[in-house]
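Student:
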Amino acid sequence: MSRFPEAGVLAALFMGAALGFASAQDAALGEAVFAKCKACHAVGPDAKNKVGPHLNGIVGRPAGSAEGYKYSTAMATKGAEGLVWDEATLAPYLADPKGMVKGTKMAFAGIKKPEEVSNLVAYLATFAPDGSKTSADAGAAAPSEKKAEASSQTPAGPQAPVQPAPAAARGEGLKFGLGRLAGEDEIAAWDIDVRPDGKGLPVGRGTVATGMGIYDENCASCHGDFGEAVDRWPVLAGGQGTLQADRPQKTIGSYWPYLSTVYDYVRRAMPFGNARSLSNDDIYALTAYILYLNDVVDDEEFELSNDNLASIRLPNEANFIEDDRSSEPHSRPGQEPCMKDCKPGKAEITMHAAVLDVTPEDSENDEAPAAGIE
Amino acid sequence: MTNSARPGAASRRAFLKGGLAAGAALAAGSAAAGEQVITEVQDWNRYSGEGVDARPYGTPSQFEAHVVRKNVPWLTSDVVSSINFTPLHELEGIITPSGLCFERHHAGIAEIDPKDHRLMINGMVEKPLVFTMADIKRFPRENKVYFLECAANSGMEWRGAQLNGCQFTHGMLHCVMYTGVRLKTLLEEAGVRPEGKWLLAEGADASSMTRSIPLDKALDDCMVAFGMNGEALRPEQGYPLRLVVPGFEGNMWIKWLRRLEIGDQPWQQREETSKYTDLLPSGKARRFTFAMDVKSVITNPSPQAPITHGRGPLVVAGLAWSGNGTIKRVDVSIDGGRNWQTARIDGPSLPKALHRFYYEFDWDGSELFLQSRAIDSDGIVQPTKDDLRAARGSNSIYHNNGIQTWHVNKDGVIENVEIS
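Chains as they are written, first to last, in our numbering: chain A, 1 to 374; chain B, 1001 to 1420.
In structure tokens form, the structure reads like this:
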């Protein structure tokens, strides 16, 4: 429990700050809210347009006016109509972006809590158009400095407020001192993940021809001689051009966006039942052979290594899009569903489960349907 | 709360009528020979039973032996990388018993002595740290009830009705109380660097399961849990430690959790590229479709739980849930969506947890087309399967939250159907 009195001190400091610098307090909390925005928006001296426009000087900025950013037609129109971002206009937009600017590119559901919205706007208001901090922020720095000092002070007495510390105040600076530093060899043993940009690739190399032998010995019993798969094990090759077909075949060549995923996955999980048994060079060779099975390379002497893996593109990379389920017609919030006489006529059965005869209890003669779970 | 299923006056009349009928039956019964279970002394009423130590860890009654998880063999190649299903039609309330929570493993159940388990935090942190289980239990804890639904739940139904039973159509679902530490607390102990935007969670099993999770979610309501339903996690649920990612697809709730890495972009792991991406008719595929949409299903009656009592009072029971928050309302239709009545939600209404609903009415013995439709706290209405197919085609596999139809025939036999 010894930690919590300190949290009480922090709470007291934060509340004191709140009394004196209401807007500064809001801005400090708003910084935490901004975590929701950071993936797409930047602020500060080095801020650039990312997925969304930079937000320096956004409070007071006309809509659709960040230089060099390609806005949706909807947002550009709003700007042309004279919309200027301030507390009054940002609040409804941040609460429901598509509700206020239908057609905005901002794929964000909105911030539901009004206090989070106002804190966020207060935080954004602390950035001048050039990314420097405005004078309004002077008070905001103070409590966080005091917070750092606070953790070394003696625990608070009975005058400490009983209110729980705000989430932001419980955070950094209050460490429990549990656990121990991870050793470099320990991190190296477990951290084997590889990203599309090549981060994490170990040094190594292997050719298509070498990979063929490793594949035949370790992989073909499930994945088939040519990646066509045995039974319901995953198909690795083929299927190009089938993604819009009635029965798409999703293979590494037809579907997977990144080659790094093949290397990463084989290294952590394959061969099935004997994971982590192949060398880094073996996996480069196998990955090269899988490229060959998918006609991405056609030379048996082709060598894959940590130098060239990240430069190889799989054909379907461009066909992945972010989650836009919220744009589907049925996903609009607040639709009042029909309660009476919603459809004409009596319901007629158009399909029985029994027709497919795939219920587990009586599936002796079952025929596996295509829509398995993979 | 929701409106009552039927007006008070009507139910009083029904009660009076029912009382008269029961009285008549009683009078007739007293003249005939009584039921032997009453008139004769039964074994359990005469002989002593087993003592207190016969079942040191209690198990369900022998008469409940049919209440088990079930596999669908043709779905996957090997039981070691497969799935089984929660028997939703046999359960009450909102909490799933630990032993009935569906299982999905990618390389079987890892059996790990907690003394040998470690959790590492590395990547873009101030201090890469290693925790033992004993370390983790010294952080402040919380207890939270959350549902977990596999993104592929109902995935076999995209092309139409396939499986006869809510266990198989909706049973990649459970809801338990977790005990553990807020993930934010652990990450702050290591100190996330400002450039950190994503978290990679990794399991210790032989698939080294990995998923990328946005950092704002990780710092919001995620937990590192060691307890479920008041006891340690079950081995098949990730003993001794699993990640809890409330409202997000079950695949992200990494079991046997051993490592958390902070990075500035997602890792594009196999389970977030080749799997758990939703193929659309255009050939494009959505990725990072994390949240589980609002959904409901009638669990009783249903194909595995037909109506055996004939006409008269019938309890329709079901479950509703949403990854967005709580369930605001559930409507039930008995005529295939022509007309709807608001059902009664009973028991706790907790965010990102199962909700139990009931709709009681007098069945007249005629054919029924039972449906349920949930509305969540964000005001999103559960769509029809046709709505979903119109937007996504039939090859998405994941995130099928469409309205389910059960056909009840005059004998009370029930079938999974699609209707006009």
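Don't be surprised by glycine CBs; every beta carbon is placed ideally from N, CA and C.
Which residues in chain A sit within 9 Å of H1407(B), going by Cβ to Cβ distance?
Tutor: In the second sequence, the residue the question calls residue 1407(B) occupies position 407. Going along chain A in sequence order, the residues near H1407(B) (Cβ under 9 Å) are A347, I349, H352.
Student: Closer than 7 Å by beta-carbon distance: list the chain B residues that pair up with F108(A), in chain order.
Tutor: Within the first sequence, numbered from 1, the residue matching residue 108(A) stands at position 108. Those do not exist, as F108(A) stays about 11 Å from chain B at its closest Cβ, beyond 7 Å.
Student: Could you name the residues of the segment 296-319 of chain A whose beta carbon sits closer than 7 Å to any beta carbon of chain B, in the order they occur along the chain?
Tutor: N319
Student: Would you kindly work out how many angstroms separate the C-alpha atoms of N1071(B) and S1098(B), rounded to a whole number?
Tutor: Reading the second sequence from its first residue, position 71 is the one you call residue 1071(B). Reading the second sequence from its first residue, position 98 is the one you call residue 1098(B). C-alpha separation (whole angstroms): 17 Å.
Student: So within the segment 219-306 of chain A, which uninterrupted alpha helix (DSSP H) runs reach at least 4 residues, ignoring any that extend past its ends?
Tutor: 220-223, 259-269, 280-293
Student: Going by the beta-carbon positions, is the gap between K1137(B) and N319(A) smaller than 9 Å?
Tutor: Taking the second sequence and counting its residues from 1, the one referred to as residue 1137(B) is at position 137. Taking the first sequence and counting its residues from 1, the one referred to as residue 319(A) is at position 319. No, they are not a contact pair.
Student: Would you report the Cα separation of T1002(B) and R1329(B), rounded to the nearest angstrom?
Tutor: Mapped onto the second sequence, residue 1002(B) falls at position 2. Mapped onto the second sequence, residue 1329(B) falls at position 329. Caution is warranted here: a pLDDT of 40 is assigned to T1002(B), below 50, making its placement in the model unreliable, and the coordinate value is therefore given only provisionally. About 7 Å.
Student: If you follow the alpha helix (DSSP H) that I1122(B) is in, where does it begin and where does it stop?
Tutor: By 1-based counting over the second sequence, the position of residue 1122(B) is 122. One point to set straight first is that residue 1122(B) is Asn, not Ile, in the sequence displayed. Looking at the DSSP string, N1122(B) is not in any alpha helix (DSSP H); the run it does join, the beta strand (DSSP E), is 1118-1123.
Student: Please say whether Y1398(B) and A1151(B) have beta carbons closer to each other than 9 Å?
Tutor: Sequence index remark: in the second sequence, residue 1151(B) carries index 151 (1-based). Sequence index remark: in the second sequence, residue 1398(B) carries index 398 (1-based). Cβ atoms of A1151(B) and Y1398(B): closer than 9 Å.
Student: Mapping DSSP to helix, strand and coil, what is L1370(B)?
Tutor: On the second sequence, position 370 is the one that residue 1370(B) refers to. Strand.
Student: Smallest Cα separation from M1252(B): which of R1118(B), S1282(B), A1201(B)?
Tutor: Here residue 1252(B) is taken as the residue at index 252 of the second sequence, counted from 1. Nearest option by C-alpha distance: A1201(B).
Student: By DSSP's criteria, Q1341(B) is part of a beta bridge. Which residues make up the other side?
Tutor: For the purposes of this step, residue 1341(B) is taken as the residue at position 341 of the second sequence. Partner(s): V1332(B).
Student: What is the DSSP secondary structure of D1220(B), counted as helix, strand or coil?
Tutor: For the purposes of this step, residue 1220(B) is taken as the residue at position 220 of the second sequence. D1220(B): coil per DSSP, three-state reduction.
Student: Within 9 Å of any Cβ in chain B, is that where the Cβ of V51(A) sits?
Tutor: For the purposes of this step, residue 51(A) is taken as residue 51 along the first sequence, with counting starting at 1. Answer no: the Cβ-Cβ gap between V51(A) and chain B never drops below 9 Å.
Student: Determine the direct distance from the alpha carbon of V1080(B) to that of G224(A), and round the result to whole angstroms.
Tutor: Within the first sequence, the letter at position 224 stands for residue 224(A). Within the second sequence, the letter at position 80 stands for residue 1080(B). Roughly 20 Å between the two C-alpha positions.
Student: Just the Cα atoms here: how many angstroms apart are G1230(B) and Y1358(B)?
Tutor: One-based indexing of the second sequence puts residue 1230(B) at position 230. One-based indexing of the second sequence puts residue 1358(B) at position 358. In a straight line, the C-alpha of G1230(B) is about 27 Å away from that of Y1358(B).
Student: Mark E1425(B) as exposed unless 16 or more other C-beta atoms lie within 10 angstroms of its C-beta, in which case mark it buried.
Tutor: An answer regarding residue 1425(B) cannot be provided, because it is not within the stretch 1001 to 1420 covered by chain B.
Student: When the Cα of F34(A) is compared with those of N294(A), G64(A), V121(A), which residue comes out closest?
Tutor: The count along the first sequence starts at 1 and reaches residue 34(A) at position 34. The shortest C-alpha separation from F34(A) is found at V121(A).
Student: Specify the secondary structure class of A1225(B) as computed by DSSP and reduced to three states.
Tutor: Here residue 1225(B) corresponds to residue number 225 of the second sequence, with the count starting at 1. Strand.
Student: Does K1144(B) come within less than 9 Å of chain A when only Cβ atoms are used?
Tutor: Mapped onto the second sequence, residue 1144(B) falls at position 144. Interface flag for K1144(B) against chain A is unset, since no Cβ pair is found closer than 9 Å.
Student: Give a yes or no on whether 9 Å exceeds the smallest Cβ distance from D1362(B) to chain A.
Tutor: The residue you call residue 1362(B) lines up with position 362 of the second sequence. No - not a single Cβ of chain A is within 9 Å of the one on D1362(B).
Student: Bridge partners for I349(A) per DSSP, in chain order?
Tutor: The residue you call residue 349(A) lines up with position 349 of the first sequence. In the DSSP output, where bridge partners are listed per residue, I349(A) has I1419(B).
Student: Does DSSP put G1318(B) in a helix, a strand or coil?
Tutor: The sequence position of residue 1318(B) within the second sequence is 318, counting from 1. Correct three-state label for G1318(B): strand.
Student: Under a CB-based cut-off of 9 Å, is Q1269(B) close to chain A?
Tutor: Start at 1 with the first residue of the second sequence, and residue 1269(B) comes out as number 269. The Cβ of Q1269(B) sits closer than 9 Å to at least one Cβ of chain A.
Student: Going by DSSP in three states, P62(A) sits in which element: helix, strand or coil?
Tutor: Along the first sequence, one-based indexing puts residue 62(A) at 62. Strand, per DSSP.
Student: With 16 other CB atoms within 10 Å as the buried threshold, where does L1100(B) fall?
Tutor: In the second sequence, the residue the question calls residue 1100(B) occupies position 100. L1100(B) comes out buried.
Student: Do the CB positions of A1291(B) and G1250(B) come within less than 9 Å of each other?
Tutor: The count along the second sequence starts at 1 and reaches residue 1291(B) at position 291. The count along the second sequence starts at 1 and reaches residue 1250(B) at position 250. For the 9 Å CB-CB criterion, A1291(B) and G1250(B) do not form a contact.
Student: Do you know how far the Cα of K346(A) is from the Cα of S1420(B)?
Tutor: As a position in the second sequence, residue 1420(B) is number 420, starting the count at 1. As a position in the first sequence, residue 346(A) is number 346, starting the count at 1. If I take the Cα positions, the gap works out to 8 Å.
Student: Could you give the distance in angstroms between the alpha-carbon of T126(A) and the alpha-carbon of T134(A)?
Tutor: Taking the first sequence and counting its residues from 1, one reaches residue 126(A) at position 126. Taking the first sequence and counting its residues from 1, one reaches residue 134(A) at position 134. Straight-line Cα distance between these residues: approximately 5 Å.
Student: Provide the residue(s) that pair with V1144(B) in DSSP beta bridges, ordered along the chain.
Tutor: To locate residue 1144(B), count along the second sequence from 1; it is residue 144. A quick correction: the sequence has Lys, not Val, at residue 1144(B). DSSP lists Y1178(B) as partners of K1144(B).
Student: Looking at chain A, is there any beta carbon in it that lies within less than 9 Å of the beta carbon of K1127(B)?
Tutor: Counting from one through the second sequence, the residue named residue 1127(B) turns up at place 127. For K1127(B), the answer is yes, since a Cβ of chain A falls inside 9 Å of its Cβ.
Student: Check whether the Cβ of A1033(B) lies closer than 9 Å to any Cβ atom in chain A.
Tutor: Counting from one through the second sequence, the residue named residue 1033(B) turns up at place 33. By this cut-off, A1033(B) is not an interface position.
Student: For T104(A) and T73(A), I'd like the C-alpha separation in whole angstroms.
Tutor: Sequence index remark: in the first sequence, residue 104(A) carries index 104 (1-based). Sequence index remark: in the first sequence, residue 73(A) carries index 73 (1-based). Distance between the alpha carbons of T104(A) and T73(A) is about 8 Å.
Student: Identify, in the order they occur along the chain, each residue of the same chain with its Cβ nearer than 6 Å to the Cβ of G94(A), setting aside the five sequence neighbours on each side.
Tutor: Residue 94(A) sits at position 94 when you count from the first residue of the first sequence. Checking the sequence shown, residue 94(A) turns out to be Leu, not Gly. Excluding positions up to five away in sequence, the list reads I111, V117.
Student: Between the beta-carbon of V1125(B) and the beta-carbon of A1190(B), is there less than 9 Å?
Tutor: Numbered from its first residue, the second sequence carries residue 1125(B) at position 125. Numbered from its first residue, the second sequence carries residue 1190(B) at position 190. Yes; because the gap between Cβ atoms is below 9 Å, this pair is in contact.
Student: Tell me which residues of the segment 225-248 of chain A have at least one Cβ-Cβ distance to chain B shorter than 7 Å, keeping chain order.
Tutor: D231, R232, W233, L243, Q244, P248
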